Amino acid sequence: MNTSEFSQAVILVVDDNPTNLKVLCGAIAAAGWEILVATDGESAIEQAEYAHPDLILLDIMMPGIDGFETCQRLKANPDTHDIPILFMTALSDTVDKVRGLSTGAVDYITKPFQTEEVLARVNVHLKLRYLSKKLERQNQELELRVQERTAELAEALENLKQSQLQTVKNEKMSSLGELVAGIAHEINNPLGLVIGNLELMNDYISDFFEHLQLYQHHYSQPTQDIIKHAKKIDVEQTIEDINDSKSSIKIGLERIAKVSNSLRTFANPDISRKEYIDIHECLDSTLIILKHRMKGNEKRADVQVRKDYEQLPYVECYPGEINQVFMNVMTNAIEAFEQFNEDCTNPGEGIEENLLTCSTGYNEDMSHITISIKDNAGGIKPELEDKIFEQFFTTKQGNGNTGLGLSITQEIVEERHQGKVKCISQLGEGTELIIELPIT
Ligand SMILES: Nc1ncnc2c1ncn2[C@@H]1O[C@H](COP(=O)(O)OP(=O)(O)O)[C@@H](O)[C@H]1O
Ligand SMILES: [Mg+2]
Numbered sequence: 001m002n003t004s005e006f007s008q009a010v011i012l013v014v015d016d017n018p019t020n021l022k023v024l025c026g027a028i029a030a031a032g033w034e035i036l037v038a039t040d041g042e043s044a045i046e047q048a049e050y051a052h053p054d055l056i057l058l059d060i061m062m063p064g065i066d067g068f069e070t071c072q073r074l075k076a077n078p079d080t081h082d083i084p085i086l087f088m089t090a091l092s093d094t095v096d097k098v099r100g101l102s103t104g105a106v107d108y109i110t111k112p113f114q115t116e117e118v119l120a121r122v123n124v125h126l127k128l129r130y131l132s133k134k135l136e137r138q139n140q141e142l143e144l145r146v147q148e149r150t151a152e153l154a155e156a157l158e159n160l161k162q163s164q165l166q167t168v169k170n171e172k173m174s175s176l177g178e179l180v181a182g183i184a185h186e187i188n189n190p191l192g193l194v195i196g197n198l199e200l201m202n203d204y205i206s207d208f209f210e211h212l213q214l215y216q217h218h219y220s221q222p223t224q225d226i227i228k229h230a231k232k233i234d235v236e237q238t239i240e241d242i243n244d245s246k247s248s249i250k251i252g253l254e255r256i257a258k259v260s261n262s263l264r265t266f267a268n269p270d271i272s273r274k275e276y277i278d279i280h281e282c283l284d285s286t287l288i289i290l291k292h293r294m295k296g297n298e299k300r301a302d303v304q305v306r307k308d309y310e311q312l313p314y315v316e317c318y319p320g321e322i323n324q325v326f327m328n329v330m331t332n333a334i335e336a337f338e339q340f341n342e343d344c345t346n347p348g349e350g351i352e353e354n355l356l357t358c359s360t361g362y363n364e365d366m367s368h369i370t371i372s373i374k375d376n377a378g379g380i381k382p383e384l385e386d387k388i389f390e391q392f393f394t395t396k397q398g399n400g401n402t403g404l405g406l407s408i409t410q411e412i413v414e415e416r417h418q419g420k421v422k423c424i425s426q427l428g429e430g431t432e433l434i435i436e437l438p439i440t
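Going letter by letter, the sequence shown gives residues 1 to 440 in our numbering.
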């Protein structure tokens, strides 16, 4: 009659009547199940806790605590609450049956016992218990598998996000780099043309001046027309003005050449190869590119730049990436000045001078060069200091602030160059970003 999966079942029989016990135990033993016996409620609970039977047959009327109380306690105990309980009750006692079921029993068997009926009911409930345990185990396994799969998917998603972000960053950087390098190239060609022609023109103009002087020397008595025209154009003044214009044009052209060179250094298209570079050149070209953002406006004064450079060796870097680092950090400083001046609405409350200090040097054991970019703007709230290097962390609401600047900076410095970046900030005093790059 019993099924192999639960042929090992253990059944606790609780009854104080020796005759009942004898009948039940005989029937259960014949069916092949193991039997435990208790003759009162307290010891039934003790045994149930200790031996974890698969099923309990429980009498109602017993010395000490009765069957209902025993049932309630078993159901309230987390160790025993899931053991199915069958009440044993007189055939006619409907009230007891109802009460027994309402305290948590799954079924009842009636006295006097019909062996066949007892075995049939016990068998059904063992089977139910076996099946529900199996279901529970399967559910747990399933849940575990779902959790594992969810974790795997979350990780895959995170990896995908990271690699997409990296692709976007790389693409943005290289297309920007190409664009800037392209512009620098386009400027350089006509610039060369203008500079070359200007030199020629200077020679021609000098020749003409010389020629004019010769005329003035040998024809000291010019005609009225010549005198009139010379007066009209103010020859002496014109000669002076031409010389002034020549030097202005020269200064202007030199400036264009410098910007264009900086653009080329900055946007070094060969970002995939490490090179030995002059860090000061990188800092300077980034400063030139940011010059337009340092100009003052109605809200704040110009940003003054102080440089404090030490003699440095060339360091091996990806030039485009290092420029991007300087750009990110300096942009943050400029934006901090903007924010700080905006916050100080009362005149005289803000800082006297928006000062950006770029200094370089060495770390203690001279194994790294250090680059410090420091501002005297509003600083960072202490509770945010841990977050600023996180991806997408930003306190700015403007367009184009993605909260990626410092996370990219950290990645470039620490992962791509085995360096270090740290931030020292004092609220209301300013912020210093220190970058260390290894000397190879
Ligand atoms: N020099 C600085 N002064 C004050 N706060 C700064 C400075 N540099 C960075 N921060 C803070 O760190 C945050 C993250 O910077 P960043 O990663 O460059 O993102 P974003 O500039 O797009 O906000 C900024 O939003 C700002 O709150
Ligand atoms: Mg930024």
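Even glycine gets a Cβ: it sits at the ideal position worked out from N, Cα and C.
Bear in mind the structure is a predicted one, so any value in this text is a computation, not a measurement.
Near ligand 2: residue i beta-carbon under 7 Å from a heavy atom
i: Gly-428; result: no
Residue i versus residue j: straight-line alpha-carbon distance, rounded
i: Thr-331; j: Gln-147; result: 43 Å
i: Met-61; j: Leu-153; result: 58 Å
i: Phe-266; j: Pro-319; result: 8 Å
i: Ala-90; j: Asp-16; result: 15 Å
i: Leu-355; j: Asp-308; result: 13 Å
i: Asn-328; j: Ala-181; result: 19 Å
i: His-218; j: Leu-212; result: 10 Å
i: Gln-304; j: Thr-360; result: 17 Å
i: Lys-134; j: Arg-145; result: 16 Å
i: Gln-339; j: Gln-426; result: 16 Å
i: Ile-380; j: Thr-409; result: 17 Å
i: Leu-21; j: Pro-53; result: 17 Å
i: Ile-412; j: Asn-376; result: 25 Å
i: Glu-236; j: Phe-326; result: 50 Å
i: Asp-343; j: Gly-177; result: 35 Å
i: Ile-195; j: Glu-436; result: 40 Å
i: Leu-131; j: Asp-79; result: 19 Å
i: Gln-224; j: Ile-233; result: 14 Å
i: Glu-512; j: Gln-221; result: With the chain covering only 1 through 440, there is no way to say anything about residue 512.
i: Ile-249; j: Glu-210; result: 22 Å
i: Val-106; j: Glu-69; result: 15 Å
i: Gln-324; j: Asp-207; result: 49 Å
With 16 other Cβ atoms within 10 Å as the buried cut-off, status of residue i
i: Ile-203; result: It should be pointed out that residue 203 corresponds to Asp in this sequence rather than to Ile. Classification for Asp-203: exposed.
i: Gly-398; result: exposed
i: Gln-216; result: exposed
i: Tyr-108; result: buried
i: Ser-4; result: Confidence is the limiting factor: at Ser-4 the pLDDT is only 48, short of 50, which leaves the residue's position unreliable, though a coordinate-based value still follows. Exposed, since its Cβ has fewer than 16 Cβ neighbours within 10 Å.
i: Asn-170; result: exposed
i: Ile-227; result: exposed
i: His-185; result: exposed
i: Ala-120; result: exposed
i: Leu-12; result: buried
i: Ser-285; result: buried
i: Glu-136; result: exposed
i: Met-366; result: exposed
Cutoff 8 Å; reference residue i; Cβ partners in own chain excluding five residues on either side
i: Asn-2; result: Residue confidence is low: Asn-2 scores 42 on pLDDT, short of 50, so the model does not pin down where it sits. No coordinate-derived value is stated.
i: Leu-191; result: Leu-253, Ile-256, Ala-257, Ser-260
i: Met-526; result: Missing from the structure shown is residue 526; the chain here goes from 1 to 440 and no further.
Check: residue i C-beta below 7 Å from any heavy atom of ligand 1
i: Thr-286; result: no
i: Phe-326; result: no
i: Phe-393; result: yes
i: Lys-169; result: no
i: Gly-403; result: yes
i: Asp-241; result: no
i: Ile-371; result: no
i: Gly-378; result: yes
i: Ile-435; result: no
i: Ile-412; result: no
Residue i vs residue j beta-carbon contact at 8 Å
i: Ile-443; j: Leu-406; result: Not covered by the structure: residue 443. The range shown for the chain is 1 to 440.
i: Gly-296; j: Lys-374; result: no
i: Ala-44; j: Ala-38; result: yes
i: Ser-262; j: Ile-289; result: yes
i: Ile-65; j: Glu-42; result: yes
i: Ile-56; j: Ile-83; result: yes
i: Thr-357; j: Asn-363; result: no
i: Glu-353; j: Ala-301; result: yes
i: Ile-85; j: Leu-58; result: yes
i: Lys-75; j: Gly-104; result: yes
i: Thr-395; j: Leu-384; result: yes
i: Ile-242; j: Ile-187; result: no
i: Thr-110; j: Ala-27; result: no
Residues of its chain near residue i, where Cβ-Cβ distance is below 7 Å and the 5 sequence neighbours each way are ignored
i: Lys-422; result: Ile-434
i: Lys-274; result: Glu-316, Cys-317, Tyr-318
Own chain residues within Cβ distance below 6 Å of residue i, not counting five before or after
i: Ile-322; result: Cys-282
Residues surrounding ligand 3 [beta-carbon distance to nearest heavy atom under 7 Å]: With respect to ligand 3, the structure shown offers nothing to examine, as its ligands consist of ligand 1 and ligand 2.
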